[in-house]
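Heads up, the thing below is written out as structure tokens.
Residue numbers (my numbering), protein chains in the order written: chain A, 14 to 311; chain B, 14 to 311.
Here is the structure:
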């Protein structure tokens, strides 16, 4: 279940309230595009900004609209007790798995993070994806910690940051992780620009931001890689370079993907949680140009 | 009001619940020690881990036990609407000022942060302290942004990170900030180890972590500096070097200060919010030794 394409939808807001109509439409699109799983409330799904109650409701909506596609739910929070509340609510909502990043305000030690995962896997019967996202959590997983956590019963997958562009370096990175974790734990790449490289380097999964808004594009790359057509995957990923360049230039994927969703009418305007203002008008024009030039509207 | 010693008490937890008895006892100690202000719910007060409701209650308790000492309240949150809720609750509780750090999950732009402060100063009548704490927020204030924000009506002070140990470099740092902000906005130093250096370099305020638990010590240094006895302040700060060294060695002040409070019976054991486990037994022994050797029990 923790392989192939996992698509991460936005959770659009409108006037500081979750916009359920556009969220459920995004989930409907993902189910229709035959993605392998849907991860609601990932970083792009603004989990860190929403209350436990909002997150419970979003999890329910995701499962209700997934049409049988497995739904994973982000449960991260700064306080362990809130993580456990989110885990229990995700389970009640019918989630198939949990995504957990070690959010930080005070920096955490490796032992703090190990205990967090131990506590969650002890309290929940759902499989857990370890979410390594140093760009938002500022926590750096050492390979040794991957190994300790992956040995816990209930750990199903590790979502790793972007792999190096160089194929040999990418393979070495993935091999070094594979060497310290059990075989049944899958490795999934994030960082959309490096997804084709990650899949070619034997990642089992693409945890995809762009796949949450443009699932057909992400499915094309994933299926090519799964069928061993690595050069097809690389060619398509290369074609999308202008899009990945915008992710870098505009300070990360969430602002660009929200602008894409707003441009395509999939989210209301100003759909990110304040204080994140999203892109400026001129930046939005650049995004729209790239989307239109690349023919990315599905 | 935003000058002298502002003491930052812990908000001790016990079994994941705010331990009101020890919190109010800490506040009583601060009022009795004649600190110039009390900042509840700073970073050391675990504001980032508590719900809006818990924070409202802590603000009420702080004001009720401050015996007339001005109370500032930390209102930071990841989402602007939650910041506004915290600001309104702090005002209802009788706070005299607000402390606001730009918490991040997704990295924020300077414009995002400016708008956050603009929104809060528009909605609240209380004076606001700009809280620059890159070690927890990972947001870097440029001097230009200090200037833009400090011009907003309602901004009263800027809490800056530790200044350089070298006196000339410390003076240059404070002068460079003073040059871009209005005269009525005070500059306060944090980073307890550099407090004497900061006060000698013309900082108006010491926003003090250690002062929240050991107020007499912090008051001694502050009063010496205020009376122009800079070498007395420096001598006392230098005497405490073994304490500052523990802050560095054990990964920041909150774990050490919580261990001190627990050692002195001022907080229940395991008083930090999980997943922060606090110091190990052997680390706690080291802290206790230093506290006892330095005679720091008040």
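Ideal Cβ positions, reconstructed from N, Cα and C, are used throughout, including at glycine. What you are looking at is a predicted structure, and each value in this text was computed from that prediction instead of being measured.
Do residue j and residue i count as a contact pair if the criterion is CB distance below 8 Å?
i, j, result
"residue 137 of chain A", "residue 29 of chain B", "no"
"residue 56 of chain A", "residue 289 of chain A", "no"
"residue 111 of chain B", "residue 279 of chain B", "no"
"residue 173 of chain A", "residue 145 of chain A", "yes"
"residue 229 of chain A", "residue 273 of chain A", "no"
"residue 130 of chain B", "residue 162 of chain B", "yes"
"residue 231 of chain B", "residue 219 of chain B", "yes"
"residue 108 of chain A", "residue 76 of chain A", "yes"
"residue 235 of chain A", "residue 18 of chain A", "yes"
"residue 214 of chain A", "residue 246 of chain A", "no"
"residue 74 of chain A", "residue 21 of chain A", "no"
"residue 202 of chain A", "residue 222 of chain A", "no"
"residue 253 of chain A", "residue 269 of chain A", "no"
"residue 335 of chain A", "residue 158 of chain A", "Here chain A has residues from 14 to 311 only, and residue 335 of chain A is not among them."
"residue 114 of chain A", "residue 150 of chain A", "yes"
"residue 91 of chain B", "residue 118 of chain B", "yes"
"residue 200 of chain B", "residue 179 of chain B", "no"
For residue i, list the residues DSSP reports as bridge partners.
i, result
"residue 27 of chain A", "A:30"
"residue 85 of chain A", "A:52, A:110"
"residue 172 of chain A", "A:144, A:201"
"residue 219 of chain B", "B:18, B:202"
If we define contact as Cβ-Cβ less than 8 Å, is residue i a contact residue for chain A?
i, result
"residue 77 of chain B", "no"
"residue 309 of chain B", "no"
"residue 288 of chain B", "yes"
"residue 129 of chain B", "yes"
"residue 91 of chain B", "yes"
"residue 269 of chain B", "no"
"residue 153 of chain B", "no"
"residue 167 of chain B", "no"
"residue 265 of chain B", "yes"
"residue 29 of chain B", "yes"
So with Cβ pairs under 8 Å, would you call residue i a contact of chain B?
i, result
"residue 283 of chain A", "no"
"residue 149 of chain A", "yes"
"residue 62 of chain A", "yes"
"residue 174 of chain A", "no"
"residue 120 of chain A", "yes"
"residue 94 of chain A", "yes"
"residue 58 of chain A", "no"
"residue 87 of chain A", "no"
"residue 319 of chain A", "The question about residue 319 of chain A has no answer here: the residues shown for chain A are numbered 14 through 311."
"residue 225 of chain A", "no"
"residue 243 of chain A", "no"
"residue 14 of chain A", "no"
For residue i, which residues from the same chain have a beta carbon less than 8 Å from its beta carbon, with the 5 sequence-adjacent residues on both sides left out?
i, result
"residue 44 of chain A", "51, 78, 79, 80, 81, 82"
"residue 277 of chain B", "226, 304, 310"
"residue 102 of chain B", "65, 68, 69, 72"
"residue 58 of chain A", "21, 22, 23, 24, 52, 71, 87, 225"
"residue 255 of chain A", "303, 306, 307"
Using a Cβ-Cβ cutoff of less than 6 Å, which residues in the same chain neighbour residue i once the five nearest sequence positions on both sides are dropped?
i, result
"residue 97 of chain A", "136"
"residue 282 of chain A", "275"
"residue 27 of chain B", "281"
"residue 297 of chain A", "272"
"residue 153 of chain B", "147"
Where does the unbroken alpha helix (DSSP H) through residue i begin, and where does it stop?
i, result
"residue 193 of chain A", "No alpha helix (DSSP H) holds residue 193 of chain A; DSSP gives it neither H nor E."
"residue 243 of chain B", "243-252"
"residue 159 of chain A", "156-163"
"residue 130 of chain B", "123-136"
"residue 233 of chain A", "228-239"
"residue 284 of chain B", "Counting along the chain, residue 284 of chain B falls outside any alpha helix (DSSP H), and DSSP gives it neither H nor E."
"residue 209 of chain B", "208-213"
"residue 301 of chain B", "294-307"
"residue 268 of chain A", "266-276"
"residue 73 of chain A", "65-78"
Kindly examine the ligand MN and report whether one of its heavy atoms sits closer than 7 Å to the Cβ of residue i.
i, result
"residue 281 of chain B", "Ligands are entirely absent from the displayed structure, and the ligand MN is therefore not among its contents."
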